[in-house]
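The numbering of the sequence shown is our numbering, which starts it at 696 and goes up by one. Ideal placement from N, C-alpha and C gives every residue a C-beta, glycine not left out. In this text the structure is predicted, and so the values were computed from the model without any measurement. Scroll down for the structure; my scribbles are underneath it.
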Amino acid sequence: EEVSAQHRPVVMITSNNEKELPDAFLRRCIFYYIEFPDVPLMRKIIDVHHPHLDAKLLDQVLIKFYWLRQQNELRKKPSTSELIDWISALLRSGISMEKIEAHIPFIGALLKKEQDVDALQRFSGQGGRFPQRWEDLGPKYNQ
Numbered sequence: 696e697e698v699s700a701q702h703r704p705v706v707m708i709t710s711n712n713e714k715e716l717p718d719a720f721l722r723r724c725i726f727y728y729i730e731f732p733d734v735p736l737m738r739k740i741i742d743v744h745h746p747h748l749d750a751k752l753l754d755q756v757l758i759k760f761y762w763l764r765q766q767n768e769l770r771k772k773p774s775t776s777e778l779i780d781w782i783s784a785l786l787r788s789g790i791s792m793e794k795i796e797a798h799i800p801f802i803g804a805l806l807k808k809e810q811d812v813d814a815l816q817r818f819s820g821q822g823g824r825f826p827q828r829w830e831d832l833g834p835k836y837n838q
């Protein structure tokens with residue numbers, strides 16, 4: 696028995712720009728770009744996964760996360776899912792707030808490229824300081 700559709704299907708495909716899609720495919724697409732979540736939206740996203748997260752810890756992880764995303768040296772900027780995984784690692788480890796403020800512990804949860812980890816280690820080794828306050832990120836992030 697032959698089945699035929701009354702309407703042509705609409706297929707939604709997402710892409711994270713990891714790999715180039717063929718031009719012949721792209722010519723048949725309509726593009727819709729989704730902006731990366733701003734801080735207020737990211738707080739809501741995190742609240743879904745970690746509803747009782749301490750406010751100070753939340754601020755510290757967001758400050759570090761958005762700072763990392765500003766670094767031009769990184770080949771792959773950390774994503775939302777990596778942020779959520781990083782928070783889980785921090786919570787499970789019981790690491791102190793002082794260490795989280797001074798460093799970026801468990802950086803492998805956020806950075807997946809060896810060159811990116813090396814760039815961060817060079818920054819730290821050259822006396823670079825990790826941000827601890829929203830003001831450290833510049834006017835875009837002043838809370």
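### Query
Is it right to say glutamine 755 is buried, meaning 16 or more other beta carbons lie within 10 angstroms of its own, or is it exposed?
buried
#### Entry: Beta-carbon contacts of histidine 745 that lie in its chain and below 6 Å, excluding the five residues immediately before and after
Ile782
### Query
With burial defined as no fewer than 16 other Cβ atoms inside 10 Å of the residue's Cβ, what is the status of proline 864: buried or exposed?
Residue coverage of the chain in this structure runs from 696 to 838, which leaves residue 864 outside it and unanswerable.
### Query
Are the segment 709 to 717 and the segment 747 to 766 in contact at 8 Å, needing three or more beta carbon pairs?
no
### Message
Among the candidates Phe731, Gly833 and Asp749, whose CA atom is the shortest distance from the CA of arginine 775?
### Response
Checking the displayed sequence, the identity of residue 775 turns out to be threonine instead of arginine. Answer by Cα proximity: Phe731.
#### Entry: Which listed residue (Glu697, Phe726, Lys808 and Asp749) has its alpha carbon closest to that of valine 706
Phe726
### Under 8 Å between C-beta atoms of leucine 769 and alanine 814
Against a cut-off of 8 Å, the Cβ pair of alanine 814 and leucine 769 comes out as a contact.
### Query
Of the choices Met792, Pro800 and Ile802, whose alpha-carbon is the least far from that of aspartate 749?
Here the closest residue by C-alpha is Met792.
### Message
Going by beta-carbon coordinates alone, are alanine 804 and glutamate 777 separated by less than 8 Å?
### Response
yes
### Task
Within the same chain, show all residues whose beta-carbon is closer than 6 Å to that of isoleucine 795, passing over the 5 residues directly before and after it, in chain order.
Gln755
### Task
Measure the CB-CB distance between leucine 753 and arginine 764 and report whether it falls below 8 Å.
no
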